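Chemist: Below is one structure. I have some questions about it.
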Amino acid sequence: MLISSPMNSALNEQVGFEFAASLQYVAIAAHFDSESLPELARYYYRQADEERAHAMRIVKFVVDAGGRAQIPAIAAPHSQFTTTEDAVQKALEGEMKVTQEINALVGQAVRENDHITQNFLQWFVAEQLEEVSSAETLLRIVQRAGEQDLLHVEEYLARHRHPHLSATTRDADADS
Ligand SMILES: [Fe+2]
Ligand SMILES: [Fe+2]
Numbered sequence: 000m001l002i003s004s005p006m007n008s009a010l011n012e013q014v015g016f017e018f019a020a021s022l023q024y025v026a027i028a029a030h031f032d033s034e035s036l037p038e039l040a041r042y043y044y045r046q047a048d049e050e051r052a053h054a055m056r057i058v059k060f061v062v063d064a065g066g067r068a069q070i071p072a073i074a075a076p077h078s079q080f081t082t083t084e085d086a087v088q089k090a091l092e093g094e095m096k097v098t099q100e101i102n103a104l105v106g107q108a109v110r111e112n113d114h115i116t117q118n119f120l121q122w123f124v125a126e127q128l129e130e131v132s133s134a135e136t137l138l139r140i141v142q143r144a145g146e147q148d149l150l151h152v153e154e155y156l157a158r159h160r161h162p163h164l165s166a167t168t169r170d171a172d173a174d175s
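Start counting the sequence shown at 0; every next residue gets the next number (numbering that gives the first Met the number 0).
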């Protein structure tokens, strides 16, 4: 086995966090879908797919490293949102939390002198920069538009069909 037993457990825990993020995005997407905001819904359904791909990327790494993949129980996501801004804010908070989790994993890999896991995690480090940056941008656009003018947000999302999302989906596909 190329990873320590504590690292194996920490990676399994992260698989759970990525699946939890995926479920949270499904809940946010469904909220927008039922509010008849199709571009916001599409954006978050795709985010949900992307988070699932992150979980699968970690599962594959654990197996490749000779570890044991154990999927933890996943907590129910928030599914009540008061406003559009509230839902978009929850998405940003989720990405900030995942960034801390990834940083903690990298810290553990550094302490264990585990270069294989450190190298694997660098993809996630770069991904979190993209994710937090686009979540912050979307939150600012929603705040600027206000609840009365969400069609501007829909137009923005239709014009920017997130090249980084399709790129990461391609990366994940290429690995499988
Ligand atoms: Fe993720
Ligand atoms: Fe993410």
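C-beta atoms are modelled at their ideal positions from N, C-alpha and C, and glycine is treated no differently. Since this is a predicted model, take the numbers as computed values, not measurements.
Quick check on the DSSP output: the alpha helix (DSSP H) that includes A29 runs from which residue to which?
Modeler: Its alpha helix (DSSP H) spans residues 4-33.
Chemist: Count the other CB atoms within 10 Å of the CB of H114; is the residue buried (16 or more) or exposed (fewer)?
Modeler: With fewer than 16 Cβ atoms within 10 Å of its Cβ, H114 is classed as exposed.
Chemist: What would DSSP say about G65, mapped onto helix, strand or coil?
Modeler: G65 falls in the coil class under three-state DSSP.
Chemist: Is any non-hydrogen atom of ligand 2 found closer than 7 Å to the C-beta of A20, if you look at the structure I gave you?
Modeler: Answer for A20: yes, Cβ within range of ligand 2.
Chemist: Can you find the residues in the same chain that come closer than 6 Å, C-beta to C-beta, to K59, ignoring five residues on each side of it along the sequence?
Modeler: Nothing meets the Cβ criterion.
Chemist: To the nearest angstrom, how far is the alpha carbon of G66 from that of A26?
Modeler: Going by the C-alpha atoms only, they are around 32 Å apart.
Chemist: On a Cα-Cα basis, can you pick out the residue from W122, Q23, T116, A157 that is closest to L91?
Modeler: Nearest option by C-alpha distance: Q23.
Chemist: Ligand 2 and V124: does the residue's C-beta get closer than 7 Å to at least one heavy atom of that ligand?
Modeler: For ligand 2, not one heavy atom lies less than 7 Å from the Cβ of V124.
Chemist: Starting from Q117, trace the alpha helix (DSSP H) both ways and give me its first and last residue.
Modeler: Segment 114-144, the alpha helix (DSSP H) holding Q117.
Chemist: Measure the Cβ-Cβ separation of L149 and T98 and say whether it is below 8 Å.
Modeler: No.
Chemist: So what does DSSP say about F80, is it helix, strand or coil?
Modeler: Correct three-state label for F80: coil.
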